[in-house]
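The numbering of the sequence shown is the working numbering, which starts it at 521 and goes up by one.
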Amino acid sequence: MKELAERLKTYEPLWGQWTVGDELYSGSGLRAFELKRSRGEEEVGAMVKVIEIKGSDEEAEKKLRCVMDSIQKTESLGDCPQVVTIKGDAVYSVADEAGNPVGWDVLVLGERLVSLGEELSRNREFTEEEVRRMGIDICRALAYAHRREVFHGSITPDCLYRRPAGGFYMISGFGGFENQNEESRTERDLYMAPELMMGEAAAKESDMYSLGLILYRLLNENVLPFTGDPVDVRERLLNGEAWSLPSKGTKNLKQAVMMACVYEADKRFYEASDFRLGLEQAGYGTGKSEKVAEFMLFNRPVDLRIVSGLCIASFLLGIVVAKFI
């Protein structure tokens, strides 16, 4: 069987117009390659993500169906600007030298974006404002998806991207199509909510845990709550050991991130919009926002509009009382 880079050359021109360039990165169960095409004298770039599914048995066919279903889920969210747009997909059967089927290559076409995983591999440091902005943008995408009963279930740094022109952040891989291979399991499990590791289905709270843990890492000098062998780190996270606060960030920002990562799912933010609100308030400094942040740390905000209503009511009551003093 040919190596993947060789196989891709035999599929050219991809989608009738693209040729394969250099490999950009590998991670989370896929490999990404640069794509090129000429438009007049201008060279236009894109990228292709390739998920290799090995085997030809029933289990391999199940993985293929799962990947295609996940791609469909992501395509269904294409109207959200914070979700990476899939511009095309294709499936190629892979055979060995004797012509026997041995798997499939699933190709996903998209624009060339820089993943968070790539940036972390280069030891890039993120400012507090960048982390906050990233969290707000991804929370918007999660809120959009959750309203449609679509849950990610497999958020890792390789699923998050920064759009260079617009400056905002995006997410891909809903349904886990970027994390199907066994090689990606360790990375995926590091960010997986404890309840998912115990066999529960993906939900709003589990997505916020994964995003929260990524933001924690960015605020903690690129280090997760525990250091050491990834398997041991995952075990300590799964066992619910207490974490220290991340090393940088305002009190409000740290509290918002920590609440997203609470071990018990029913004590985390209930909605992605609540998490977004907490991150937005973290940019307001101290005062009222700090009081709300403290409320969020110790109470599950079933609807933070209730908190806003209580604050307004308290303010109006103060005015009434003042008139009689």
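Heads up, the beta-carbon is just placed ideally off N, CA and C, and yes, glycines get one too. Here the structure is a predicted model, which means the values were calculated and not measured.
Check                                                                                                                                                                    : Outcome
Here's a check: name, in chain order, each residue in its chain whose Cβ is nearer than 6 angstroms to the Cβ of GLU725, leaving out the five neighbours to either side. : ALA785 and ARG788
Buried or exposed, going by whether 16 or more other CB atoms sit within 10 Å of the CB of MET778?                                                                       : buried
Could you tell me which residues DSSP pairs with LYS771 in its beta bridges?                                                                                             : According to DSSP, LYS771 bridges with nothing at all.
Which residues mark the beginning and the end of the beta strand (DSSP E) in which LEU597 is found?                                                                      : Looking at the DSSP string, LEU597 is not in any beta strand (DSSP E), and its letter there is neither H nor E.
By Cβ distance, which residues of its chain are closer than 6 angstroms to LEU758, with the 5 residues on each side in sequence left out?                                : PRO714 and MET717
Report the partner residues of LYS574 according to the DSSP bridge assignment.                                                                                           : GLY623
I need the DSSP call for GLU741, collapsed to helix, strand or coil.                                                                                                     : coil
Give the DSSP-derived three-state secondary structure of MET690 in the structure shown.                                                                                  : strand
Exposed or buried, ASN742, counting other C-beta atoms within 10 Å across all chains shown (16 or more means buried)?                                                    : exposed
Ordered along the chain, which non-local residues of its own chain (more than five positions away) have a Cβ less than 8 angstroms from that of ARG551?                  : LEU524, GLU543, TYR545, LYS569, VAL570 and GLU572
Report yes if the C-beta distance between LEU627 and ALA610 is below 8 angstroms; otherwise report no.                                                                   : yes
Just the C-alpha distance for TRP535 and LEU584, rounded to the nearest angstrom, thanks.                                                                                : 20 angstroms
Would you list the one or two residues that DSSP bridges to PHE553?                                                                                                      : GLU543 and VAL568
So ARG682 is in the beta strand (DSSP E); what residue range does that whole segment cover?                                                                              : 680 to 682
Need the endpoints of the alpha helix (DSSP H) that GLY798 sits in, please.                                                                                              : 792 to 801
Could you tell me the distance, in whole angstroms, from the CA atom of ASN819 to the CA atom of VAL634?                                                                 : Here ASN819 scores only 44 on pLDDT, less than 50, and its place in the model should not be relied on; the value that follows carries that caveat. Using only the alpha carbons, I get a separation of about 36 angstroms.
Going by DSSP in three states, ALA615 sits in which element: helix, strand or coil?                                                                                      : strand
What's the C-alpha gap between GLU791 and GLU649?                                                                                                                        : 22 angstroms
According to DSSP, is LEU629 part of a helix, a strand, or is it coil?                                                                                                   : strand
I need the straight-line Cα distance from LEU765 to GLU800, nearest angstrom please.                                                                                     : 19 angstroms
Quick one: Cα of GLU755 to Cα of PHE646, how far?                                                                                                                        : 27 angstroms
Mapping the DSSP letters down to three states, classify VAL634 as helix, strand or coil.                                                                                 : strand
Helix, strand or coil: which one does DSSP assign to LEU710?                                                                                                             : helix
Exposed or buried, which one is SER767 when buried takes at least 16 other CB atoms within 10 Å?                                                                         : exposed
In terms of DSSP beta bridges, what is TRP538 paired with?                                                                                                               : LEU534
For SER613 and VAL670, what's the separation of their Cα atoms in angstroms?                                                                                             : 29 angstroms
How about THR594 and GLY693: are their beta carbons less than 8 angstroms apart?                                                                                         : yes
Of all the options VAL540, ARG632, PRO684 and ARG660, which has the alpha carbon lying nearest to the alpha carbon of SER793?                                            : ARG660
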